[in-house]
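Chains as they are written, first to last, in the numbering used here: chain A, 1 to 382; chain B, 1 to 407.
Structure record follows, encoded as C-alpha cells.
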Amino acid sequence: MKRGFSGPKRGENPGEEADLMDQIAGNIGLLIDYPLVNFKILIDGVMIGALFALAAYGLALVWGVMNVKNLAQGDFVIGGGYVSWWLVKNVGLHPLLGVPAAFVVMALLGGALHGTPIHNWARSQTKAMIWVSSITAVVFVIATYMGEQAGSIAGYAGLILTILLIINGGIYNLVISRVIERDLFTSLLATFGLAIMGAQIMNLLFGSDTQSLDLGYDTLYFADGLIDVPIAKLIGVVMAAALATAVILFMKRSRMGQAIRATAQDARAARVLGIDTEKVYAFTFSLNAAICGAAGAIIVMVWVIQPFYGITYSVRAFVIVTAAGLGNLPGVIAAGLGIGAAEQYGSHIFGIGYQQAIAVMLLLAVLIYRLMQQKRNRQVLQ
Amino acid sequence: MKLKTMTLALGALMASTAMAAAADCESITLGSAISLTGKYATNGVHAKNGYEFAIKKISEAGGVQFGGKCYNFNVIYYDDESKGDRGATLAERLINQDKVQYMLGPYSSGLTKAIAPVTEKYGIPMVEAEGASRSLFNKGYKYLFAVLSTSEQYLASAVALAGEKAVESGKTAADVKVAIAVENDPFSLDIRAGVMEDAAKLGMKIVIDEKLPRDLSDMTAILTKVKLVKPDLLVVSGHSKGAATAVRQIGEQKISTPMIALTHCEAADVTGNFGAAANDILCATQWSETLSYEDPIFGTAANYEIEFKAAYPEYASKKVPYQTAQATAAVYVFKDAFERAASLDKEAVRDAIAATDLKTFYGGIKFSEAGNNIAKPMVLRQIQDGAYNVVAPSAFASHKTNWPRGN
Chain A
1 MKRGFSGPKR GENPGEEADL MDQIAGNIGL LIDYPLVNFK ILIDGVMIGA
51 LFALAAYGLA LVWGVMNVKN LAQGDFVIGG GYVSWWLVKN VGLHPLLGVP
101 AAFVVMALLG GALHGTPIHN WARSQTKAMI WVSSITAVVF VIATYMGEQA
151 GSIAGYAGLI LTILLIINGG IYNLVISRVI ERDLFTSLLA TFGLAIMGAQ
201 IMNLLFGSDT QSLDLGYDTL YFADGLIDVP IAKLIGVVMA AALATAVILF
251 MKRSRMGQAI RATAQDARAA RVLGIDTEKV YAFTFSLNAA ICGAAGAIIV
301 MVWVIQPFYG ITYSVRAFVI VTAAGLGNLP GVIAAGLGIG AAEQYGSHIF
351 GIGYQQAIAV MLLLAVLIYR LMQQKRNRQV LQ
Chain B
1 MKLKTMTLAL GALMASTAMA AAADCESITL GSAISLTGKY ATNGVHAKNG
51 YEFAIKKISE AGGVQFGGKC YNFNVIYYDD ESKGDRGATL AERLINQDKV
101 QYMLGPYSSG LTKAIAPVTE KYGIPMVEAE GASRSLFNKG YKYLFAVLST
151 SEQYLASAVA LAGEKAVESG KTAADVKVAI AVENDPFSLD IRAGVMEDAA
201 KLGMKIVIDE KLPRDLSDMT AILTKVKLVK PDLLVVSGHS KGAATAVRQI
251 GEQKISTPMI ALTHCEAADV TGNFGAAAND ILCATQWSET LSYEDPIFGT
301 AANYEIEFKA AYPEYASKKV PYQTAQATAA VYVFKDAFER AASLDKEAVR
351 DAIAATDLKT FYGGIKFSEA GNNIAKPMVL RQIQDGAYNV VAPSAFASHK
401 TNWPRGN
C-alpha cells in the first residue's frame, strides 16, 4: 500500500533540460501550425497590457511630478480591487459601478481632501485627532486578534480609522508629503513600508483567499472557438481606454492639469509664478491612487486578486515606466501593451512560470539598449 | 441588564454540562503552534476548531481512560503567524518552558517541516493533521505521524479514472493524453509527481507540463495550448488561486477537455463564485461527510458534520472543511494511543501511536514506518449541479462520474 517516494526531483533528472527544449520547440510549432493563435495571444496580451499601462501611467505621473518612486503602486491597484469587491458583496453594487466607486475611494485615501476646509479643520484639532485615532487603533488591534467574536467591532474601528486618515489628508499627508524631493532611498523605503503595511492590512480585513467578481457575461467566439473574447474583458479594456483618455484630456485642458505639468517642469519656477505646489502634489498623488484603484476594480472582474498580489503590478509598472521614460504618455501606453503581449508570447513559448521573468528581461534589454545609445550620442539621460 | 444575567447564566449552564461528564478527570497537556494570523489563518482556525471539538467530544465520552483513572486533554496554543521560523521557536518554547510532552501539528506542510526537526530533537511525539507533503516522510523522522494522505495521492485517482473512461469508450488507457499545470511549490510538485508516476504506469502521454507562478492570476496561455493539443485529462493544482483562476478561465474560454481535476475547490468556493463554470470538475479531498466511515465517539462522518455545525454555528452555511475533520482525528489518535500505552511516558506513547490501527469517522488510520497514514485513500468528488458528489474510488462512490464533461 505504501507508495515509493522515489519520484523525480527538481534538477536531479538529466532528461529534464532536453524536455524543456522539446517543449519550447513544440510550443513554437503550435504557433506555426495554427497561425490564428498568434492573433489570440496578441489580443490577450493587449487586454492585460492595457491595465498594466494604467498603473504605469499613474506611476509616471507621481515619479515625474513629485520624484517619488512609489513601490506601493501595485498595492493601490489591489486596494481598489478590494473596495469594488467589498461594495459588490456587501452593499450589492453592480460590479461595473465598482470601478468609479474604487476611483473615488482610492482618491480619498490617496489624499484628495488635502488642503480642503475639512482637512484644515482636522489639522486644527490635533489633540483630539491623536486621542481618537490611538484609542480606535488599540480597539482595532485587540478586536482583530480576538477573531470572529469581535469581527464587527474590528470592522467599525477600521472604518473610523479610514475616515480619520481621509480627513487628515490621506496617505499623501501621512507619508508622501514627508519624502517629496528627498533622495531616492527615502522615498523607496517609505513606499516599500507602505506596500508591506497595505498588503498586511488588506490581509487582516479581507482574508488571504483569492477573490474575484463574476459579471456573468458571455464570451464571444471567433474562428471555431479558437479565439475567445470574454465580454467582461472587453468592457474592462474599454473602461481602461476611456479612463486613460479622460486623464490625458484633463492634463492637457484643465487648469489643474496645466499646473501639474508646470510643477513637473520646474517646481520652484511654478511656485514663483503662484502655483500652490503642495496642492498640486497632493492632487497628483490622489489622482494616481484613483487611477490605480479603477484599474484594480477592472482587474477584480476579469482576473483574480489576493492581498499579496500588489508586487506583480508594481514590478510591471516600474518596467513600463523605465522602458518608456517619464513624461512620455504614448510611450507608456505602447510599452504597457507591448509588455502585455510579450508576456503572453513568452508564457506560451517558455511556460507560464517565466511570465514575470520575461518582463524583467525586457527591462534589462531596454536598459542595455539605452546605455549603448547614450554612449554613442554622448548625451545625458533625462 | 436582564439579558446580561441571562447570558451569563446560560453560559455557566453550558459550561457545567460540558464539564459534568468528565469533571473529576486529570488533565493531559498537548501543545500546538498554529496559524491564527497571517496567510494560513483561515485554515489554521479550521484546524484549531477541529482540535477543540475533539477534546470536547472525548471528554463527554468519559475522557481518556487507563490505569483506573480518567484524563482530559488540554492544549496550549501559540500563534505562529504562518511563519516557519516562528513555528520552530514556539515549538522549542512549548517543550522547554511549558514542558509539553506531546504535540499536535501546525497548519500546512511548510510549518510542519519547520517544527518536525524540533520535536524530533527532543523526542516529542507529534501527531499532525495538516502537512501532506511527502518530503515530510522521507527524512527518517521517528516522532512524526500524519493522519492525512500524502499529497502525491491527491489527484492520482483522477489518472486511474481517466484510464477507466478511455477503456469504456473503446480506447486504451495508453491513448490518454494528460496536461499538467501545477504551482512551483513542494505540495503541488508532489501532486505532479504522483500524477506523472501513475500516468507512466498506464503508459499515458504527458502533453503539457507547466509550472504556475506563485502570483497567478491569468492562465490563458496554458488554456490556449490545451485548446490546441486537446488532452483527455487536465490537472491543475495551485492552492485556492489556482482553482479560482482555472475555473474562471476554463468557463470563459470554453475549454472542452473531457476530464478536469483540481485541488482546493472548496477553499476557493468555486461553486459559489463561478456557478455553472464549475460543473463536472473533479476535486480532490481528504474526507467527505458522505463517506461511510464510523467510530464510537464521533459516529458517522455525516454525524460529525452535524454535531460540529451545532457546536460551531459559524460553519452552518458552509461545508465543514476536511482540515477540521482531520484535526479532530489527530486528537483521537492520541486518545487511542494513551489508552493502549496505559502510560504517560512519551516513549511508550510514541510506540503506541506507531502501532495505531484505528477506524474513525475520518477513515482508517495506520501509520507506515515513515509516519504517514496508509489506511485512508484520497477521495475524488465531482461538482454536479453545484453539489460535491463522491465519484472515486469506486468503493466509496455515491454518484456516477459525468464523462465527458458537460454531458
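From the three backbone atoms N, C-alpha and C, an ideal C-beta is built for every residue, glycine too.
Among the residues facing chain B, residue 156 of chain A is not included, as its CB has no counterpart in that chain under 8 Å away.
Interface residue (Cβ-Cβ distance to chain B less than 8 Å): residue 179 of chain A is not classified as such. Per DSSP, the continuous alpha helix (DSSP H) segment holding residue 73 of chain A begins and ends at 73-86. Neighbours of residue 33 of chain B in chain A, taken as residues whose beta carbon is under 8 Å from its own, are absent, since the nearest beta carbon is some 16 Å off. Counting only residues of its own chain and dropping the five nearest sequence neighbours on each side, residue 311 of chain B has a CB closer than 8 Å to the CB of 53 and 56. A check of alpha carbon separations from residue 29 of chain B across B/98, B/58, B/382 and B/82 identifies B/98 as the nearest. Here the alpha carbons of residue 53 of chain A and residue 171 of chain A stand approximately 23 Å from one another.
Contact of residue 214 of chain A with chain B is assigned, a C-beta pair being separated by under 8 Å. Under a criterion of Cβ atoms nearer than 8 Å, no residue of chain B is adjacent to residue 296 of chain A; the nearest Cβ is some 12 Å distant. Taking every protein chain shown into account, the CB of residue 183 of chain A has fewer than 16 other CB atoms within 10 angstroms, so this residue is exposed. By the Cβ-count criterion, residue 193 of chain B is buried, with 16 or more other Cβ atoms from all chains shown falling within 10 Å of its own Cβ.
By the Cβ test, the segment 336-343 of chain A is not in contact with the segment 232-251 of chain A, since fewer than three Cβ pairs between them sit closer than 8 Å. For the 8 Å CB-CB criterion, residue 71 of chain A and residue 191 of chain A form a contact.
Distance from the CA of residue 313 of chain B to the CA of residue 49 of chain B, rounded to the nearest whole angstrom, comes to 12 Å. Per the Cβ contact rule, the segment 288-302 of chain B is in contact with the segment 360-371 of chain B (3 or more Cβ pairs under 8 Å). Secondary structure at residue 183 of chain A: coil, using DSSP grouped into helix, strand and coil. Between the alpha carbons of residue 166 of chain B and residue 177 of chain B lies a distance of about 10 Å.
Using a Cβ-Cβ distance cut-off of 8 Å, the segment 236-250 of chain B and the segment 304-320 of chain A are in contact, since at least three pairs of beta carbons, one from each stretch, lie closer than that value. Taking 4 residues as the shortest admissible run, the segment 117-187 of chain A contains the following complete alpha helix (DSSP H) segments, listed from N- to C-terminal end: 117-124, 126-146, 151-167 and 170-174.
Look at residue 264 of chain A here: in three-state DSSP terms it is helix. At least 8 Å separates the CB of residue 313 of chain B from every CB of chain A. In terms of Cβ geometry, residue 248 of chain A and residue 326 of chain A do not form a close pair [threshold 8 Å].
With respect to residue 342 of chain A, residue 358 of chain A sits close: the two C-beta atoms are nearer than 8 Å. Here residue 325 of chain B has 287 and 362 as same chain residues with Cβ atoms under 6 Å from its own Cβ, once five neighbours each way along the sequence are excluded. A straight line joining the alpha-carbon of residue 266 of chain B with that of residue 203 of chain B spans about 31 Å. A residue is called buried once 16 or more other Cβ atoms fall within 10 Å of its Cβ, and residue 308 of chain B is buried on that count. With contacts defined by Cβ atoms closer than 8 Å, residue 119 of chain A and residue 169 of chain A form a contacting pair. At a Cβ-Cβ threshold of 8 Å, residue 229 of chain B and residue 207 of chain B count as neighbours. When the five nearest sequence neighbours on each side are left out, the beta carbons in the same chain lying within less than 6 Å of the beta carbon of residue 239 of chain B are those of 264, in order along the chain. Ranking B/96, B/101 and B/130 by CA distance to the CA of residue 329 of chain B puts B/130 first.
For residue 219 of chain A, the uninterrupted beta strand (DSSP E) run begins and ends at 219-222, by DSSP. Of the residues A/81, A/121, A/114 and A/91, the one whose Cα lies closest to the Cα of residue 102 of chain A is A/81.
Assignment of residue 364 of chain B by DSSP, reduced to helix, strand and coil, places it in the strand class.
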